[in-house]
Structure formats: structure tokens, C-alpha cells
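Participant: Just so it is clear: in the sequence shown, position 200 is 200 by this note's numbering, and no numbers are missing. The beta carbon of each residue, even a glycine, is placed where N, CA and C say it ideally should be. This one's a predicted model, so the numbers in the text were calculated from it and none came from an experiment.
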Amino acid sequence: MKMKLTVLSLLGLGAILPGVCFPAAAQTTQKLAVINIQQAIVETQDGQKARADLQSKFGPTQKQLQDKQAKLAALQDQYRKGQNTLSDEAKQKLARDIDSATTSLKRDTEDANTEVQEAERKVMDELGGKMMAVLNKYAQDNGYVLVIDVSNPQTPVLFASNTIDITRDVIGLYDKNAGTSAAPPVAPKPAPPKTMTPTAPAPKPAATTPPK
Numbered sequence: 001m002k003m004k005l006t007v008l009s010l011l012g013l014g015a016i017l018p019g020v021c022f023p024a025a026a027q028t029t030q031k032l033a034v035i036n037i038q039q040a041i042v043e044t045q046d047g048q049k050a051r052a053d054l055q056s057k058f059g060p061t062q063k064q065l066q067d068k069q070a071k072l073a074a075l076q077d078q079y080r081k082g083q084n085t086l087s088d089e090a091k092q093k094l095a096r097d098i099d100s101a102t103t104s105l106k107r108d109t110e111d112a113n114t115e116v117q118e119a120e121r122k123v124m125d126e127l128g129g130k131m132m133a134v135l136n137k138y139a140q141d142n143g144y145v146l147v148i149d150v151s152n153p154q155t156p157v158l159f160a161s162n163t164i165d166i167t168r169d170v171i172g173l174y175d176k177n178a179g180t181s182a183a184p185p186v187a188p189k190p191a192p193p194k195t196m197t198p199t200a201p202a203p204k205p206a207a208t209t210p211p212k
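Following this line, the structure appears as C-alpha cells:
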């Protein structure tokens with residue numbers, strides 16, 4: 001079942017030719033729904049466990065980066081306060097230490113971010129496939145002809161009533177079936193969302209090199 005359509009198909013032929021009268025059969029109401037697929041994946045029991053596992057795995061790395069950030073800030077503060085009291089030799093040494101600490105922190109942060117994103121992508125590929133299998137079954141069982149993912153910022157949806165939002169229902173169905181053998185996915189896996197990323201490592205510091 002194809003879950004996404006183009007904007008043109010959402011408008012319908014009637015919007016293009018408003019003066020044309022269609023037979024009663026063509027005016028039959030069809031069921032539409034919206035879902036926040038990113039929220040659905042993250043809020044399942046599997047998603048919450050995956051988030052906790054990622055945070056546990058990368059927590060020590062985050063702490064190391066925060067410690068490095070604090071040491072860099074201390075060196076920068078020491079340099080500022082010693083502008084008028086430190087010897088030229090001492091200031092040059094501090095400047096080199098700051099440059100080295102900045103480069104090291106930037107490199108380690110980039111490496112950690114890459115590792116986190118790769119681990120997250122693997123988790124989301126697995127959960128995304130399972131979620132799509134559940135979503136397809138739910139849509140077919142309940143007679144929906146179109147389900148739109150509103151978590152994608154490129155989705156052309158400006159308003160959707162809460163009455164057609166099936167996010168919570170699909171989460172419930174996923175969790176209910178989590179302990180049973182799920183059918184293989186019958187639709188493409190959604191792109192991995194960014195919302196599951198554990199608390200981000202320390203931000204990259206500005207490459208501030210004190211004057212020599």
C-alpha cells in the first residue's frame with residue numbers, strides 16, 4: 001500500500017475542474033488520516049528502550065566531552081585574566097594549550113556525533129520497518145485510503161484535525177504486537193528521524209585563538 005501521494009493528487013480532480021458534476025459514486029467519502037511517524041516510533045516501548053540504551057552507551061563519552069569543554073574554558077579564562085600579569089612566554093604557552101585543546105575537542109565531538117548518528121540510524125532502520133508493517137495493517141483493517149506523515153517538514157499539511165490523527169492508536173497497536181512475530185514490512189522504511197538522539201555531546205567550541 002503506497003502511503004504518500006503528491007500535492008496534486010491531494011487536491012483532487014474536483015479542485016481543478018470545479019464546474020464539473022460528478023456521479024454520486026465518485027463523491028463517496030473516503031477515510032483519510034495523519035500520523036507523526038517519528039513520534040510514533042520514539043514513543044513505543046521499543047523506542048523508549050532504544051533511547052535509554054543509546055543514552056547509557058554514549059553517556060560516558062558525553063561526560064568526557066563536557067570535561068574537555070570545561071578545561072578549555074578554564075584555559076581561556078586564565079589567558080584573559082593574565083593579559084597584564086603573565087610573561088610573554090607564559091602567554092604563548094597558554095595560547096598553544098588553548099589551540100591544542102580546541103582542536104582536540106572539535107575532533108572528538110565530531111567523532112562522537114558520527115558514532116551516535118550511526119548507532120541511531122541502525123536502531124531507527126529496525127524500528128521503522130516494524131512500524132511501517134503495523135501502520136499498513138492498521139490502515140488496511142480500518143479502511144483508510146491515505147495516511148500522511150506530518151512529522152516530515154516537507155509534507156504540505158497546514159492543518160489537520162485531531163480526530164484524524166492515528167498516532168496514538170498505531171503506537172498502541174505496535175506495543176500490543178511487540179511480543180508477537182510481526183509480518184515483514186510491506187512499505188519502504190521511513191527516513192530515520194533525529195528525535196531519538198540522546199542528549200547531545202558538548203557543543204563545539206568556537207575556534208578562538210588568543211593573540212600571540
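1) Under three-state DSSP, which class holds Leu-32?
2) Please work out which residues of its chain come closer than 7 Å, Cβ to Cβ, to Ala-160, disregarding the five sequence neighbours upstream and downstream, and give them in chain order.
3) DSSP has Ile-148 in a bridge; who is on the other side?
4) When the Cα atoms are used, what is the spatial distance from Gln-76 to Gln-154?
5) Between Met-124 and Ser-100, what straight-line distance do the alpha-carbon atoms span, to the nearest angstrom?
6) Cβ of Asp-46 within 8 Å of Cβ of Leu-173?
7) So Val-134 packs on Gln-30, CB below 8 Å; how close in whole Å?
8) If you draw a straight line from the C-alpha of Lys-63 to the C-alpha of Ala-112, how long is it?
9) Leu-54 by DSSP, collapsed to three states: which one?
10) Look at the alpha carbon of Lys-68 and the alpha carbon of Thr-85, and state the distance between them as a whole number of angstroms.
11) Taking its Cβ as the centre, do 16 or more other Cβ atoms sit within 10 Å of Thr-44, making it buried, or is it exposed?
12) Could you say which of Leu-54, Asn-36, Gln-39 and Ile-37 lies nearest to Phe-122 if we only look at CA atoms?
13) Quick check: what's the CA-CA separation for Val-157 versus Gly-143?
14) Please tell me whether Leu-32 and Ile-164 are closer than 8 Å, where the distance is taken between their beta carbons.
Facilitator: To lay it out plainly:
1) strand
2) Val-34 and Val-150
3) Val-34
4) 42 Å
5) 36 Å
6) no
7) At roughly 22 Å, the Cβ-Cβ gap does not stay under 8 Å, so Val-134 and Gln-30 are not in contact.
8) 12 Å
9) helix
10) 26 Å
11) buried
12) With the sequence shown as reference, residue 122 is identified as Lys, and Phe is not the correct amino acid for it. Considering only alpha carbons, the answer is Leu-54.
13) 21 Å
14) yes
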